[in-house]
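Trainee: Just passing along the structure, written as structure tokens.
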Amino acid sequence: MDLCDIEILDTTKTISDFINDKIKERHSVVSIPDIIYLHEVSFHVANLDDLHQKHIRWLRTLPRVKPFYAVKCNSTPAVIRMLSTLGTGFDCASKGEIELVLSLGVTPEKIIFAHTTKPQSHIKYASTRGVDMMTFDCEEELLKISACHTRAKLVLRIAVDDSKSAIKLSQKFGTKPSVVKKLLERCKELDLEVIGVSFHVGSGCTDSLAYRQAIEDARHVFDTAVLLGFQMRLLDIGGGFPGKEGFQIQFDEFSKVINEALDKFFPADSGVQVIAEPGRYYVDSAFTLAVNVFAKKVVMDDSSSDPENDRVMMYYISDGVFGSLNCLIYDPAHTNVAPYLHRKRYRSIIWGPTCDSLDRVTANYWMPEVQVGDWLLIDNMGAYSVCCSSDFSFFDKADIYPVLSADVVEAQAPCALSSHIYLSLPYLTLWVRGGAVHK
Ligand code: PLP
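So that you can map any letter, position 361 of the sequence shown is 361 in full-length UniProt numbering, and since no number is skipped, the others follow by simple counting.
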């Protein structure tokens, strides 16, 4: 199966129908010995329509800001293909991410190598592949870049206030204001070209004013650089945007503040191109994880004095914190999940499949009684989940089924759905695999 295989959803079907069909399909393959376990392995459904809608909202709400999707957040090939088809750029953090994105047809000028501390071999690779735009935040990095990539177009990352974000990045990355001038002077001495400034207000940002302050901070750095003779033309406002269901209100609020700050500090006629590096914004709500309940235990709740509610259901599911649900541990912006079914509810504890007791997905979670063999769904699983998943104890990693509705495909290229269809776009071709189970 091609890594980018995307199934087309008939217009009469919903994502929920698609999930039900996938579960049925997985149960129906029991006669084939090699894949008999499929009905016990978790899977994600990657709803590419959701990505499409997010992109439309981005263009409408932040018209001056070109998104460069942060590949680290979720590097599923179908996600990269879809976003590339929609016209985004890409923020890559390593040689491997650049390789992946280029292999999917993205051209080098649509990539920013947005890691300030890069292994030398990765800088050399970027140089050989024509990926010139890259960030830096210290003199040591400049020396490596000057040795490996003299054509680099440098973007100075500055440390900004990230105190209102779930994941703080400015302690690890970004130059402090006091060293900006010295660093830029060093660039001059090394004959390196600096074209812009970047920042990241922290992932899972909760305060729109963080962007305003950071944009103002970037303005000061621009002014210093211009005085030193650099032709400054790029502002990169990083990531930090919300992406879960219900993201709209906060996203609109952030956008309003960002647009006003851009108009004030980088007006449209300044000629400065503005980009961003959204990660979770694009993918979070697009992924739903389906997990299989492969074991169950009913235990008495000693602490309960209510005879109606004195039993605790413990469930053991096919994915856990060493797999897709690692985000419960590693992503402070994703602290709980809400698996669902539609029946009478009990206090329940859900465990991941491994032997490690850390592998607990929920504690004291109220939900209907589930039977071994049932499937639970977990929404908002797109960001920083599949990308960090392990196969600890050799439990299978969840599969991924990317799906795109026929409406969206037809809107892009009004050709008949055949077993293989091509969406021809100016720079690349999105290959969509037909013959989906639903036709
Ligand atoms: N850009 C950089 C340099 C990052 O480190 C990250 C996340 O860590 C992102 C972009 C994406 O951030 P988010 O997912 O909050 O949009």
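We put the CB at the ideal spot given by N, CA and C, even for glycine.
1) Quick one: residues in its chain with C-beta nearer than 8 Å to the C-beta of Tyr37, no 5 flanking neighbours on either side, listed in chain order?
2) If we ignore side chains and look at the alpha-carbon of each, how far apart do Ala416 and Phe18 end up?
3) Between Lys256 and Ser285, how many whole angstroms is the CB-CB distance? I'm expecting something under 8 Å.
4) When the Cα atoms are used, what is the spatial distance from Asp91 to Gly240?
5) Three-state secondary structure (DSSP) at Ala9?
6) Here's a check: name, in chain order, each residue in its chain whose Cβ is nearer than 7 Å to the Cβ of His27, leaving out the five neighbours to either side.
7) Hey, quick one: how far does the beta strand (DSSP E) through Val194 stretch, first residue to last?
8) Considering only heavy atoms of the ligand PLP, does any lie closer than 7 Å to the CB of Tyr281?
9) Lys296 by DSSP, collapsed to three states: which one?
10) Looking at the ligand PLP, does it come within less than 7 Å of Glu141, judged from the CB to the closest heavy atom?
11) In terms of residue numbering, what span does the beta strand (DSSP E) encompassing Met313 cover?
12) By the three-class DSSP mapping on this structure, what secondary structure does Ala166 have?
13) Closest to Pro63 by CA distance: which of Ile275, Ser405, Gln371 and Ser121 is it?
14) Does DSSP put Asn20 in a helix, a strand or coil?
15) Tell me which residue opens and which closes the beta strand (DSSP E) that Gly204 is part of.
16) Let me know the secondary structure DSSP gives Met134 once reduced to three states.
17) Quick one: is Met367 buried, meaning 16 or more other Cβ sit within 10 Å of its Cβ, or exposed?
18) Can you tell me whether Leu51 sits near the ligand PLP, meaning its C-beta is under 7 Å from at least one heavy atom of the ligand?
19) At a cut-off of 7 Å, is Leu169 close to the ligand PLP when judged by its beta-carbon and the heavy atoms of the ligand?
20) By the three-class DSSP mapping on this structure, what secondary structure does Val403 have?
21) I'd like to know if Gln53 contacts chain D, where contact means its C-beta is closer than 8 Å to some C-beta of that chain.
22) Take Leu209 as the anchor and find which of Glu260, Ser84 and Ile167 has the nearest alpha-carbon.
23) Who are the Cβ neighbours of Asn74 in its own chain at under 7 Å, not counting the five residues just before and after it?
24) For Lys72, is the beta carbon positioned less than 7 Å from some heavy atom of the ligand PLP?
Mentor: So, from the listed chains and residues:
1) Asp396
2) At Ala416 the pLDDT is 33, less than 50, meaning the model places this residue with poor confidence and gives no usable figure here.
3) At roughly 21 Å, the Cβ-Cβ gap does not stay under 8 Å, so Lys256 and Ser285 are not in contact.
4) 14 Å
5) As written in the sequence, residue 9 is Leu, which differs from the Ala given in the question. Three-state result, Leu9: strand.
6) His39
7) Glu193 to Ser198
8) yes
9) strand
10) no
11) Arg311 to Ile317
12) strand
13) Ile275
14) helix
15) Ser203 to Cys205
16) strand
17) buried
18) no
19) yes
20) strand
21) No chain D appears in the structure shown, which is made up of a single protein chain.
22) Glu260
23) Val283, Gly382, Ala383, Val386 and Cys387
24) yes
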